[in-house]
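A quick write-up on the structure given underneath.
In the numbering used here, the protein residues as written are 1 to 654.
In structure tokens form, the structure reads like this:
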């Protein structure tokens, strides 16, 4: 069945799975979408930063730095290659392709910030001293790390052994391979995504916002402490940087703040925790925000809501990438394209676990999830050359079936929710077949999963509209002229059913009963043109206005259909019955026959008369001949032979 016959089609995009990685044998504390920048290629790649792993898409494969335990010892792994053992518990890890930065809590107390160059440690910072004369020993108590392009940044807090607060440290790479740190009274790591890195410094009267872009260029903005509410002065509050405007999220409110004009351009307040992924600011004019089961696409400049979406389950992750929107609810991933203010659904995928992070850039998609076995995994999929799968709305008659041929690839099909109690879904070759076993007319919906090896599996609701079966035939064609054959004269009738038929039986006759014919019973008639011979038992020469009656059994339902046609008989075709009692013969004729030449035959004897036969039984005197058969010659010159003792009537030409 073609798409035009079926009606509306929904096209799904199946991205190709490039790699699947195990990140950790335990659930991660957080999974945040970020970007890795390669200056030699001048390209960004999508990534995800975890507490104990950092994964991003490289030029040809995923690049990963992970922590794995072997024999009770934690090791750093680079692309599944073991590097060095580490001490303490890692809670922050990133790489710029040259160095690996680690933040760890030590078992003996304190924290450590480490920079690795391959397998060598080029920096290990546990603490520092402050004071001009009496030096205070400061021990690191927390490290937050991030990237701006290929530069690693870290902000470290510290305390003395007695618990006295020490200055904060800003740590960064001043020149290739050389890391330095500066002391400040109070620093806040307000956010990063690889395209930019931001931190906030408190002075006596002001707040300084420091924004470093991926090329290493730093801008500083001074803002009065009264201009920004203290609820925004928290780690990770900046989620977007676009020129001199920053978008900040304090968990319950989102604002767009212009650092130069020192004014709030717009504000959105929510009753519950609201999340805003850090997408590529330079490429997107909108941001995505979500809370509970509702998501909003918001224009960054005006704050206007471009689109609102609601789902049956709570949203667990989302990302907006140049008009491509991905939203996850538990183990379901939705893919949309945004065109103006309209969203077009392109896919709904099943992921084998709970999705906790998404990132997409330039047709690459990273999906982070936790499996039912509590193992953290990531899938790298690519939708630059996807498989397209179109599923129509099926329309079929009650008791019939509809077929749909897949175009690009043939998936396996699994029924997740039955369409209807009497509607079956099967795959035959490259076709999907929807077969109904007699449902009542109406609209039925079910959920099917389609899976092609090497691609993300999709599932969606499939709609089947069952219509009342008014007629079982798409075409009925009656040939008007009777055709002779060795099996007897017949009328060819061409049938093309809409549905498969269990039994078919045809009868044709004229109102005056001068034409009568019937077919054999046909079983299991398929949905294709079939020529059915309707054998003529009798017909008077001439043109007849006949009625064709077709009796059909389908799915234990009886259908009777009636058609009219003109039938031409070139000569009389009677069916005669013959009975004899002593010297009286009885001949039954289906219609009036004038001047019939009737010859009674017996062994050694014969007698001929000319007699008009009337419709019904005619009594004739045999004049002493006890006939065993009768020859009846009509004015057309055709002779019929009627034998005795047969359970059927045999007609032949003499």
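From the three backbone atoms N, C-alpha and C, an ideal C-beta is built for every residue, glycine too.
task: Counting only the same chain and skipping the five closest in sequence on each side, list residues whose C-beta sits under 6 angstroms from that of residue 29.
output: 51
- prompt: According to the neighbour-count rule (16 or more other Cβ atoms, all chains shown, within 10 Å of its Cβ), is residue 321 buried or exposed?
  reply: buried
- request: Could you check what DSSP says for residue 164 in three-state terms: helix, strand or coil?
  value: coil
Residues of its chain near residue 480, where Cβ-Cβ distance is below 7 angstroms and the 5 sequence neighbours each way are ignored: 565, 566, 567, 568
message: For residue 356, report the span of its beta strand (DSSP E) as first-last.
response: 354-361
query: Given that a residue counts as buried once 16 or more other Cβ atoms are within 10 Å of its Cβ, and exposed if not, what is residue 617?
result: exposed
- prompt: Measuring CA to CA, which of 283, 450, 345 is closest to residue 300?
  reply: 283
message: If contacts are defined as beta-carbon pairs under 8 angstroms, then residue 560 and residue 551 qualify, I think. What distance do you get, rounded to the angstrom?
response: 6 angstroms
field: 6 angstroms Cβ shell around residue 10 - same chain, five flanking residues per side excluded
entry: 391
task: Select from 196, 584, 578 the residue whose C-alpha is nearest the C-alpha of residue 146.
output: 196
Complete runs of the beta strand (DSSP E) confined to the segment 65-89 [at least 3 residues]: 73-78, 81-86
task: Might you give, ordered along the chain, the residues of its own chain that have their beta carbon closer than 6 angstroms to the beta carbon of residue 201, omitting 5 neighbours on each side?
output: 184, 187, 208
task: Look at the alpha carbon of residue 393 and the alpha carbon of residue 443, and state the distance between them as a whole number of angstroms.
output: 10 angstroms
message: Taking the beta carbon of residue 165 as the centre, do at least 16 other beta carbons fall within 10 Å, making it buried, or is it exposed?
response: exposed
query: With distances taken from CA atoms, which of 14, 26, 32, 23 is nearest residue 356?
result: 32
- prompt: residue 114 to residue 174, Cα distance in whole Å?
  reply: 16 angstroms
- request: Below 8 angstroms CB to CB, which residues in the same chain sit around residue 372 once its five sequence neighbours on both sides are set aside?
  value: 352, 353
- prompt: Does the distance from the C-beta atom of residue 137 to that of residue 129 stay below 8 angstroms?
  reply: yes
query: Going by Cα to Cα distance, which pick from 169, 333, 67 is closest to residue 460?
result: 333
query: Residue range of the beta strand (DSSP E) that residue 560 falls in?
result: 557-569
- prompt: Opposite residue 154 in the DSSP bridges: which residues?
  reply: 145, 171
- prompt: By how many angstroms is the C-alpha of residue 79 removed from the C-alpha of residue 15?
  reply: 23 angstroms
message: Here's the rule I'm using: 16 or more other beta-carbon atoms within 10 Å means buried, otherwise exposed. How should residue 190 be labelled?
response: buried
query: Quick one: Cα of residue 396 to Cα of residue 506, how far?
result: 25 angstroms
Residue 658 burial status per 10 Å Cβ neighbour count (16 or more: buried): This structure cannot settle anything about residue 658, because the visible part of the chain is limited to 1 through 654.
- prompt: Could you check where the beta strand (DSSP E) with residue 60 kicks off and where it finishes?
  reply: Taken as a continuous stretch (DSSP letters only), residue 60 belongs to no beta strand (DSSP E), as it is neither H nor E.
message: Taking the beta carbon of residue 523 as the centre, do at least 16 other beta carbons fall within 10 Å, making it buried, or is it exposed?
response: exposed
- prompt: Could you give the C-beta distance for residue 44 and residue 94, rounded to a whole number, given that I count them as a contact under 8 angstroms?
  reply: At roughly 15 angstroms, the Cβ-Cβ gap does not stay under 8 angstroms, so residue 44 and residue 94 are not in contact.
message: If we define contact as Cβ-Cβ less than 8 angstroms, is residue 369 a contact residue for chain D?
response: Going by chain labels, chain D is absent from the structure shown, which holds only one protein chain.
query: For the beta strand (DSSP E) that contains residue 274, what are its first and last residues?
result: Note, residue 274: premise wrong, no beta strand (DSSP E); not H, not E.
- prompt: Apart from the five residues just before and just after residue 323, which ones in its own chain have a Cβ nearer than 8 angstroms to its Cβ?
  reply: 337, 338, 339
Top-ranked residue by Cα proximity to residue 151, from 131, 182, 193, 120: 193
message: Looking only at its chain, what residues have a beta carbon closer than 8 angstroms to the beta carbon of residue 515, apart from the 5 residues adjacent to it on each side?
response: 508, 509, 536, 538, 539, 540, 544, 546, 567, 569
message: Which of the three DSSP states is assigned to residue 231 in this structure?
response: helix
- request: Find out if the Cβ-Cβ distance for the pair residue 451, residue 496 is shorter than 8 angstroms.
  value: no
- prompt: What is the residue span of the beta strand (DSSP E) that residue 473 lies within?
  reply: 473-478
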